[in-house]
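Chains as they are written, first to last, in the UniProt record's numbering: chain V, 1 to 179; chain F, 1 to 179.
Even glycine gets a Cβ: it sits at the ideal position worked out from N, Cα and C.
2 protein chains.
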Amino acid sequence: MIEAALRLLEEGASVGALSIEGIARAAGVAKATVYRRWPGKDALMLDVLRSLEEPGPRPAGVSVRDDLVTILEFMRRRGLAKRNSALMRSILAQMHAHRELWRAYDENVIEVRRELLRSVLRRGVANGEIRADTDPELLADLFTGPMLSRAILHEWRELPEGLAERIVDTVLEGVSARG
Amino acid sequence: MIEAALRLLEEGASVGALSIEGIARAAGVAKATVYRRWPGKDALMLDVLRSLEEPGPRPAGVSVRDDLVTILEFMRRRGLAKRNSALMRSILAQMHAHRELWRAYDENVIEVRRELLRSVLRRGVANGEIRADTDPELLADLFTGPMLSRAILHEWRELPEGLAERIVDTVLEGVSARG
Chain V
1 MIEAALRLLE EGASVGALSI EGIARAAGVA KATVYRRWPG KDALMLDVLR SLEEPGPRPA
61 GVSVRDDLVT ILEFMRRRGL AKRNSALMRS ILAQMHAHRE LWRAYDENVI EVRRELLRSV
121 LRRGVANGEI RADTDPELLA DLFTGPMLSR AILHEWRELP EGLAERIVDT VLEGVSARG
Chain F
1 MIEAALRLLE EGASVGALSI EGIARAAGVA KATVYRRWPG KDALMLDVLR SLEEPGPRPA
61 GVSVRDDLVT ILEFMRRRGL AKRNSALMRS ILAQMHAHRE LWRAYDENVI EVRRELLRSV
121 LRRGVANGEI RADTDPELLA DLFTGPMLSR AILHEWRELP EGLAERIVDT VLEGVSARG
């Protein structure tokens with residue numbers, strides 16, 4: 001069913017035009033068969049999106065700085081992969097117009113990675129590498145925001161090697177000229 | 001013509017379905033009249049988008065830190081305005097799927113504000129408030145990325161008062177726990 005949906009999308013069907021009926025037909029199964037596994041189109045689409053994901057980053061768990069680089073480097077590579085795949089780009093671009101689906105994707109797929117980031121940051125606060133007085137959500141945004149802004153919102157901008165390191169180190173050190 | 005296009009969009013027409021012909025008809029003018037002012041649909045859409053923008057931020061030009069807050073506060077308010085306008089939200093969400101239009105919008109409308117941000121950052125580097133060893137593009141992303149990520153990519157997250165100040169001050173100081 002997931003493959004059938006991907007095939008339809010690849011053939012140019014829009015996310016909005018996709019229906020359980022159409023997917024069932026393309027997969028050669030009855031509608032009821034699809035509904036046994038997914039309550040509706042959004043749930044099925046979520047699994048379609050999940051099938052396009054690579055396994056998440058695996059921070060080594062030694063230095064918090066290095067783990068942050070690993071996570072941002074994963075985001076950078078994912079941004080590059082998305083740019084190289086017309087299908088992924090088309091699906092993800094359309095998702096912005098399907099707010100509920102985008103939110104479900106964010107809460108189910110992206111949230112796992114965000115929790116990983118939060119756990120690294122908590123470790124950094126606990127072991128004294130990271131300031132303890134910063135709101136954890138803001139902390140996460142400071143590291144991921146610059147990478148997401150380039151990868152997703154400004155797709156034509158470069159995602160050069162070394163970008164993850166530069167973001168992490170600059171956010172850690174700050175940009176104020178001291179002393 | 002711009003009003004006619006906005007009316008069509010408000011009535012539920014998609015950006016993709018909009019045509020010069022349809023806009024001319026809705027405005028009660030000949031197609032040639034539209035083409036005299038705009039070479040094509042994308043150019044007209046760009047002016048439609050421009051008509052939805054508020055005047056940009058006006059930094060006071062005294063403290064670089066305060067000017068950065070003014071610029072980020074403008075972004076925060078714009079994010080809130082977008083959330084309150086079904087029309088703006090729908091148009092901007094659809095733009096992600098119209099890559100060329102999104103890029104043109106970014107290069108024409110957003111670029112003016114980005115140049116304002118860059119000029120503030122250059123002033124900060126020149127007067128010693130900002131580190132001189134950071135790539136200017138990265139510097140700009142560090143401030144705007146966290147705000148954009150919340151305002152555009154995670155529309156359901158809060159944009160509380162004081163967020164602009166917190167981002168600016170934390171990026172300036174850094175999040176590393178130093179002595």
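Simplified DSSP state of residue i, which is helix, strand or coil
i	result
residue 176 of chain F	strand
residue 45 of chain V	helix
residue 159 of chain V	coil
residue 11 of chain V	coil
residue 135 of chain V	coil
residue 30 of chain F	coil
residue 147 of chain V	helix
residue 19 of chain V	coil
residue 40 of chain F	coil
Proximity of residue i and residue j at Cβ, strictly below 7 Å
i	j	result
residue 8 of chain F	residue 26 of chain F	yes
residue 175 of chain F	residue 69 of chain F	no
residue 159 of chain F	residue 80 of chain F	yes
residue 120 of chain F	residue 59 of chain F	yes
residue 11 of chain V	residue 87 of chain V	no
residue 154 of chain F	residue 96 of chain V	no
residue 4 of chain F	residue 23 of chain F	yes
residue 142 of chain F	residue 146 of chain V	yes
residue 157 of chain F	residue 150 of chain F	yes
residue 49 of chain V	residue 105 of chain V	yes
residue 82 of chain F	residue 89 of chain F	yes
residue 117 of chain V	residue 71 of chain V	yes
Nearest-angstrom Cα separation, counted from residue j out to residue i
i	j	result
residue 123 of chain F	residue 64 of chain F	7 Å
residue 163 of chain V	residue 140 of chain F	14 Å
residue 134 of chain V	residue 130 of chain F	21 Å
residue 52 of chain V	residue 78 of chain V	11 Å
residue 138 of chain F	residue 109 of chain F	20 Å
residue 1 of chain F	residue 15 of chain V	30 Å
residue 35 of chain V	residue 94 of chain F	29 Å
residue 99 of chain V	residue 125 of chain V	34 Å
residue 111 of chain F	residue 29 of chain V	50 Å
Bridge partners - residue i, DSSP secondary structure assignment
i	result
residue 130 of chain V	F:176
Only counting runs of 4 or more residues, tell me where the alpha helix (DSSP H) segments fall wholly within the stretch 49 to 106 of chain F, in order along the chain. 64 to 84, 86 to 95, 99 to 105
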